[in-house]
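Each remark here refers to the structure printed beneath this line.
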Amino acid sequence: MASEIHDIDLNEKFHFSDKAKKTLFIILGLGVVSLVIGILVEMLGGGGHGEHASLLMGNDALASSEPGAAAEGHAFHWWNRLFVDMWINNVYFTGISLIGIFWVAIQYVASAGWSAGFKRVPEAFGAFLPVTGVLMLVVFVLASHDMFHWTHTDLYDKASAHFDKIINGKKGFFFIPGSEATPSIPFFYYLRMIFFFLGWMLFYNLIRKQSLLEDVNAGLVHYRKMVTLSGAFLVFFGLSSSMSAWDWVMSIDTHWFSTMFGWYVFASWFVSGLAAITLFLVLLKEAGFLSIVNENHLHDMGKFVFGFSIFWTYIWFSQYLLIYYANMPEETIYFYERLNSDIYSKYIFFNLIMNFFFPFLGLMTRDAKRKMTLLKIVCVVVLVGHWFDFFLMITPGTLKQNGGFGFMELGVTMIYLFGFLWVVLSNLAKQKLIAVNHPMLQESIHHTT
Amino acid sequence: MESNKHFLVGIFNDHDILISGVKKLRAEGVKIFEVYTPYPVHHLEHALGYKRSKMPVAAFFFGITGTILAILMQTLMLGVDWPMIIGGKPYIAYPDFVPVTFELTVLLASYGMGFTFFITRGLGPGAVPRMFDRRATDDKHVMAIDLSENKKSEDEIKALLESVSAEESYRKDFTDEENNPNFWKFLVDTMTNGVTSSSRQLN
């Protein structure tokens, strides 16, 4: 079982090779080409969409229950779709980066030793947080009026025809809590966004600093500090991940709310993050790195992906079943918009197949979790599936009839993917790939399942 | 009546010594009847050459039986036998069936696995445990070697056990009564004298 123990090179470093860089540039190139094609298609062919949009929505009794959006009749431009695509990817990649830190933090708090050998891989994910943080702010500044219905200040003006009682009740959460005034800038919303990102980046840098110091000074001092930091991060993450899910995703459908939404977004993030970690381990191993990782570690990562795919399904279905069973119009609108739509209904079923049935059946057996090929396929499917999960959360409420999956979505996602891989891999190449002075490294080396 | 079984019992103090001992004895051609440990010892099953359990396959079939049973039951009850409109839904509303289907799948899978385990391991109702050495429930690892199944003589195996650092080794003979126990007698005995009364070796 442990015959390869003598072949482990503890001092190995990840080398970001020219070949890998070339592959990444191909992804970037294809992404840019796809994006340009998408924009051209939208500019030339999609022009008619905007005019029909209000007409289509007029027929749709439930869709017009968002009076502001229909009444104001935003003209649809190609850049609206571009910003929405960027928003989807911001939320998605922020999640994966965060889960990297979250996962490491869980290992420390749980005193887990089996993962000590490859903890540098999820740790590197956090390096992408500043990028998504800046992009999130920029997209919100540029395009908040097109994406977020609640940003229109006339909704809060009792004298205006657009006054909306429900949204007015949520004013304090977006603008200034406890104040009657409605400033044009949602201060409280910005404050949360900046606070969360700064908090996450602060924790990431503190944990990382200890992790790098441990490579130089052996002993338990840095380990103990990391346990404390991880505990603090988990508390902060528990609150901030839920609130950021309300802010960045749920507030798109401003009238609607779900008490499970924070969990739902977290579950989706967590599975994507776990699949990303597993995929990184498999690909790094295939490229000849991470000699410390063997099928036993992959088996446990496979269990994680399998288990949390079911967890995601549980959350997804619980949210769906309660809304379906209670049958209240203000709640059912969320699924009505998605299931009774020519554009989005097919993605709902696609989503369930990719994120539940595929990993459930694909990773059910012990052998499947120990084979790199199968793990690779399932992880890619899960990652794509959860991208579509976020697509389904964000697009129907923002683009309505003008949404869909096309070249533009593909292009933007590939460019983000390039950025993520570039940042994470260059971060991974900066230090030793294995935390050599981790006190539980031996446990990781001898880990068997 | 089966003839008396003769066993050689080896006591080990440390699980690493136990595993290397098991490997060495098997390499020498000794057939080991069973090893009893006070806690799960990793790799012992590999050292003993046990094949992987087929329990997951049984679990899958028990589970799928539960799934089919639950869907059929609810469809027939709510769709055919006594149709009712609940919450403005159709008679057969599959989303509503999911929780019950899930529960019945888990129920049948877990009970099925539990019973399969007891029956295949000979632990069904009426089974009387055969205790080699009661210290196996406390702090020692107990290895049992069936002498009738081994070609080597008792002395040879005893010497081998000593060579792999067994703490002690002794011969244990089960009487006819112990080999063919009366469950009711065992039950009464256990209830009057306590759980470990059936182990004669007190050392």
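Protein sequence lines, in the order shown, are assigned to chains A and B. Residues 1222 to 1670 (the working numbering) make up the first sequence, in order. Residues 74 to 276 (the working numbering) make up the second sequence, in order. For glycine and all other residues, C-beta sits at the position ideal for the given N, C-alpha and C. Only a predicted model underlies this, so the values are computations on that prediction, with no experimental measurement involved.
Cβ-Cβ distance between Thr1353 (chain A) and Asn1311 (chain A) below 8 Å: yes
Range of the contiguous beta strand (DSSP E) that encloses Leu151 (chain B): Premise fails: Leu151 (chain B) is in no beta strand (DSSP E) and is neither H nor E.
Contact set for Phe1418 (chain A): own chain, Cβ-Cβ below 6 Å, skip 5 residues either direction: Gly1354
Separation of Ile1309 (chain A) from Phe1525 (chain A), as counted between CA atoms: 24 Å
Beta-carbon spacing of Glu1551 (chain A), Trp1477 (chain A) below 8 Å: yes
Integer Cβ distance of Pro1343 (chain A) from Trp1324 (chain A), believed to fall under 8 Å: 5 Å
CB contact check: Pro156 (chain B) to chain A, cutoff 8 Å: no
Same chain, Cβ closer than 7 Å to Lys1653 (chain A), five either side skipped, listed in chain order: Asn1232, Lys1234, Asp1436
Buried or exposed by the 16-neighbour rule on C-beta atoms within 10 Å, applied to Ser1462 (chain A): buried
Separation of Thr1616 (chain A) from Ile1536 (chain A), as counted between CA atoms: 20 Å
Which of helix, strand or coil DSSP assigns to Ala1291 (chain A): Confidence at Ala1291 (chain A) is low in this model, with a pLDDT of 42, below 50, so its placement is unreliable and no value can be given for it.
Val1305 (chain A), DSSP secondary structure in three states: helix
Any chain B beta carbon closer than 8 Å to His1607 (chain A): no
Secondary structure of Asp246 (chain B), DSSP reduced to three states: strand
Own chain residues within Cβ distance below 8 Å of Val1605 (chain A), not counting five before or after: Met1575
Chain A contact residues for Met95 (chain B), given Cβ-Cβ distances below 7 Å: The sequence given here places Val at residue 95 (chain B); Met does not occur at that position. Residues of chain A passing the Cβ test: none, with the nearest at roughly 15 Å.
Alpha-carbon to alpha-carbon, Phe1577 (chain A) and Trp257 (chain B): 50 Å
Cβ contact (3+ pairs, closer than 8 Å) linking the segment 1589-1605 of chain A and the segment 1616-1633 of chain A: no
Ile84 (chain B) (DSSP reduced to helix, strand or coil): strand
Residue ranges of each alpha helix (DSSP H) within the segment 1509-1581 of chain A, 4 or longer: 1516-1547, 1550-1560, 1566-1573
Residue closest to Leu1358 (chain A), alpha-carbon to alpha-carbon, out of A:Tyr1410, A:Gly1390, A:Lys1590: A:Tyr1410
Reference Asp89 (chain B); option with closest CA among B:Val103, B:Gly160, B:Thr110, B:Ala131: B:Thr110
Residues in the segment 144-169 of chain B having any Cβ partner in chain A nearer than 9 Å: Ile159, Gly160, Gly161, Lys162, Ala166, Pro168, Asp169
Proximity test, Cβ basis, 8 Å: Thr1669 (chain A) and chain B: yes
Segment limits, alpha helix (DSSP H) that includes Val1657 (chain A): It is not in any alpha helix (DSSP H) - Val1657 (chain A) carries neither H nor E in the DSSP assignment.
Alpha carbon of Phe134 (chain B) to alpha carbon of Val1305 (chain A), nearest angstrom: 46 Å
Asp172 (chain B) versus Leu1582 (chain A): straight-line alpha-carbon distance, rounded: Before going further, note that residue 172 (chain B) is Pro rather than Asp in the sequence given. Near 19 Å, if we compare the C-alpha coordinates of Leu1582 (chain A) and Pro172 (chain B).
Cut-off 7 Å between Cβ atoms - residues of its own chain near Tyr1329 (chain A), not counting five sequence neighbours on either side: Met1447, Val1448, Ser1451
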